[in-house]
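Okay, structure first, notes after.
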Amino acid sequence: MTKDIPEIDDLTKGINDPDISLTDQPQDQSEMQETSETKNFIQEELPEKIEAIVPSMDNIDKCWNSFLSHLESSDTRDGRNDRLVCKLDRDLADSLDDCDIHNRCRSDLVNAIVRAFFDVYLPQLARFRREKKSLLANFREE
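Anchor point for the sequence shown: position 56 equals 56 in our numbering, and the numbering is continuous, going up by one each time.
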């Protein structure tokens with residue numbers, strides 16, 4: 001059994017060789033195809049993937065305008081007696097307290113934010129609606 005160990009000159013061939021130059025130009029057809037595929041991905045597929053992840057400016061503007069609209073109409077609701085208690089993270093509460101938007105309280109801001117979110121993303125939220133699992137849900141009196 002012979003061991004095929006390459007000569008040291010073969011291993012170091014090309015190192016510090018003045019004839020070999022590094023360029024941005026692809027050297028063979030496969031590299032040109034990879035470059036073309038990369039360009040195609042960057043120009044066509046990547047923007048679609050980013051758009052799917054990052055909300056569009058239309059949604060951001062729509063959400064903000066909806067938020068302001070709900071904030072304005074919060075004082076015309078019948079009362080705050082229909083509100084429930086919900087725990088909010090301290091950093092969010094502090095951040096909302098730092099905001100002075102139309103001189104509204106934290107609860108008004110939270111309600112307006114959630115209502116605006118529902119306005120904009122209701123179709124997406126509908127997919128996550130829970131099914132009623134009560135035994136009484138399908139009960140019919142005969």
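Ideal Cβ positions, reconstructed from N, Cα and C, are used throughout, including at glycine.
### Query
Tell me which same chain residues have a C-beta within less than 8 Å of the C-beta of residue 92, skipping the five on either side of it?
none
### Query
Counting Cβ pairs, one atom from each stretch, are 3 or more of them under 8 Å apart for the stretch 58-67 and the stretch 116-124?
yes
### Query
Quick one: what's got a C-beta closer than 7 Å to residue 85's C-beta in the same chain, skipping five residues either side?
none
### Query
Are the beta-carbon atoms belonging to residue 96 and residue 83 less than 8 Å from one another?
no
### Query
Of all the options 61, 72, 110, which has the alpha carbon lying nearest to the alpha carbon of residue 87?
110
### Query
For residue 176, which residues from the same chain have a beta carbon less than 7 Å from its beta carbon, with the 5 sequence-adjacent residues on both sides left out?
Residue numbering for the chain in the displayed model covers 1 to 142; residue 176 lies beyond these limits and cannot be assessed.
### Query
What is the DSSP secondary structure of residue 88, reduced to helix, strand or coil?
coil
### Query
Using the rule of at least 16 other Cβ atoms within 10 Å of the residue's Cβ for burial, across every protein chain shown, is residue 108 buried or exposed?
buried
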